[in-house]
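Peer 1:
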Amino acid sequence: MHSQPTPSAWFVRHATLIRSEACVLDLACGRGRNARLFATRGAHVTAVDRDAAALQSLATTQNVATECRDIEDDAWPYAAASFDAIIVCNYLWRPSFASLLATIKPDGVLLYETFMDGNERYGKPTRPDFLLRSNELLTLTRDTFRVVAFEEGDELDEAGQPFAVKQKIAAIKR
Numbered sequence: 005m006h007s008q009p010t011p012s013a014w015f016v017r018h019a020t021l022i023r024s025e026a027c028v029l030d031l032a033c034g035r036g037r038n039a040r041l042f043a044t045r046g047a048h049v050t051a052v053d054r055d056a057a058a059l060q061s062l063a064t065t066q067n068v069a070t071e072c073r074d075i076e077d078d079a080w081p082y083a084a085a086s087f088d089a090i091i092v093c094n095y096l097w098r099p100s101f102a103s104l105l106a107t108i109k110p111d112g113v114l115l116y117e118t119f120m121d122g123n124e125r126y127g128k129p130t131r132p133d134f135l136l137r138s139n140e141l142l143t144l145t146r147d148t149f150r151v152v153a154f155e156e157g158d159e160l161d162e163a164g165q166p167f168a169v170k171q172k173i174a175a176i177k178r
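Taken in order, the sequence shown gives residues 5 to 178; the numbers are from the numbering used here.
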């Protein structure tokens, strides 16, 4: 058996915000490292990615349902207030952001972590369309969420060297 990739440290740090039995949407989940984290904590996770091959690694994971979907090409498929939590790691598609936030139930949780301006000096993504601007997550959530934690800036590797620039938020919907 091969080991699974480590979940996001930000998600691990804020995992207790999401109750067991919660319905969680993991958007752009890839191979499901974060979906597994919440599924093992008792959440019911809908893991969505456009890469069907990546979703195969979740096929037998308890508490995880997979959906092969490209939200960039299709209309937002989820009803308002249909999830207790949404988690997104290393993905940004601004046209669906308002719909994504509306999908979270009152008292639900948003855990979001992705690249921001400045990341281009370390590699992809480099296009502004895929990089958050400074404080952008705070701006997008300020009217309807209570921010529990927020960070932005250089990500450091084990040796203390920067390798990416990211923005992260943990917030609860009012």
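Quick reminder that beta carbons are idealized off the backbone N, C-alpha and C, glycines included. Treat the numbers as computed from the prediction; the structure is a model and nothing was measured.
Could you check where the alpha helix (DSSP H) with residue 29 kicks off and where it finishes?
Peer 2: On the sequence shown, residue 29 is found 25 positions in, with the first residue counted as 1. Segment 27-31 is the beta strand (DSSP E) holding residue 29; no alpha helix (DSSP H) there.
Peer 1: Does the count of Cβ pairs from the region 103-112 and the region 75-94 closer than 8 Å reach three?
Peer 2: yes
Peer 1: Using CA coordinates, which residue listed in 42, 140, 157 and 120 is at the minimum distance from residue 151?
Peer 2: Counting from one through the sequence shown, the residue named residue 151 turns up at place 147. Residue 151 has its Cα closest to that of 140, out of 42, 140, 157 and 120.
Peer 1: Return the residue from the list 96, 97, 46 and 34 that minimises the CA-CA distance to residue 71.
Peer 2: Translated into the one-based positions of the sequence shown, residue 71 becomes position 67. The shortest C-alpha separation from residue 71 is found at 34.
Peer 1: How many angstroms separate the CA atom of residue 22 from the CA atom of residue 86?
Peer 2: Position 18 of the sequence shown, counted from the start, is the residue given in the question as residue 22. Position 82 of the sequence shown, counted from the start, is the residue given in the question as residue 86. When rounded, the distance between both Cα atoms is 15 Å.
Peer 1: From residue 16 to residue 41, what does the alpha carbon distance come to, in whole angstroms?
Peer 2: Here residue 16 corresponds to residue number 12 of the sequence shown, with the count starting at 1. Here residue 41 corresponds to residue number 37 of the sequence shown, with the count starting at 1. Their backbone Cα atoms lie some 8 Å apart in a straight line.
Peer 1: What do you get for residue 171, buried or exposed, if any count of 16 or more other CB atoms within 10 angstroms of its CB means buried?
Peer 2: Mapped onto the sequence shown, residue 171 falls at position 167. The residue is buried, with at least 16 neighbouring Cβ atoms inside 10 Å.
Peer 1: Where does residue 88 sit, in a helix, a strand or coil, going by DSSP?
Peer 2: As a working mapping, residue 88 is identified with position 84 in the sequence shown. Note: residue 88 maps to strand in three-state DSSP.
Peer 1: The beta strand (DSSP E) that contains residue 10, what's its start and end?
Peer 2: If you number the sequence shown from 1, residue 10 lands on position 6. Here residue 10 belongs to no beta strand (DSSP E), and DSSP marks it neither H nor E.
Peer 1: So, are the CB atoms of residue 74 and residue 54 less than 8 Å apart?
Peer 2: One-based indexing of the sequence shown puts residue 74 at position 70. One-based indexing of the sequence shown puts residue 54 at position 50. Yes; because the gap between Cβ atoms is below 8 Å, this pair is in contact.
Peer 1: When you compare the CB positions of residue 61 and residue 80, do they come within less than 8 Å of one another, or not?
Peer 2: By 1-based counting over the sequence shown, the position of residue 61 is 57. By 1-based counting over the sequence shown, the position of residue 80 is 76. At a Cβ-Cβ threshold of 8 Å, residue 61 and residue 80 do not count as neighbours.
Peer 1: Excluding sequence positions up to five away, which residues of its chain have a Cβ less than 8 Å from the Cβ of residue 148?
Peer 2: Along the sequence shown, read from residue 1 onward, the residue named residue 148 stands at position 144. For residue 148, where only same-chain residues beyond five positions count, the Cβ hits under 8 Å are 105, 177 and 178.
Peer 1: Using three-state DSSP, classify residue 60 as helix, strand or coil.
Peer 2: The sequence position of residue 60 within the sequence shown is 56, counting from 1. The answer is helix: DSSP assigns residue 60 an H, G or I state.
Peer 1: For the beta strand (DSSP E) holding residue 159, just list the boundary residues, first then last.
Peer 2: If you number the sequence shown from 1, residue 159 lands on position 155. It spans 149-160 - the beta strand (DSSP E) in which residue 159 sits, taken as one unbroken run.
Peer 1: Select from 82, 112, 116 and 84 the residue whose C-alpha is nearest the C-alpha of residue 181.
Peer 2: Because residue 181 is not part of the residues shown, which for the chain are 5 to 178, the question remains open.
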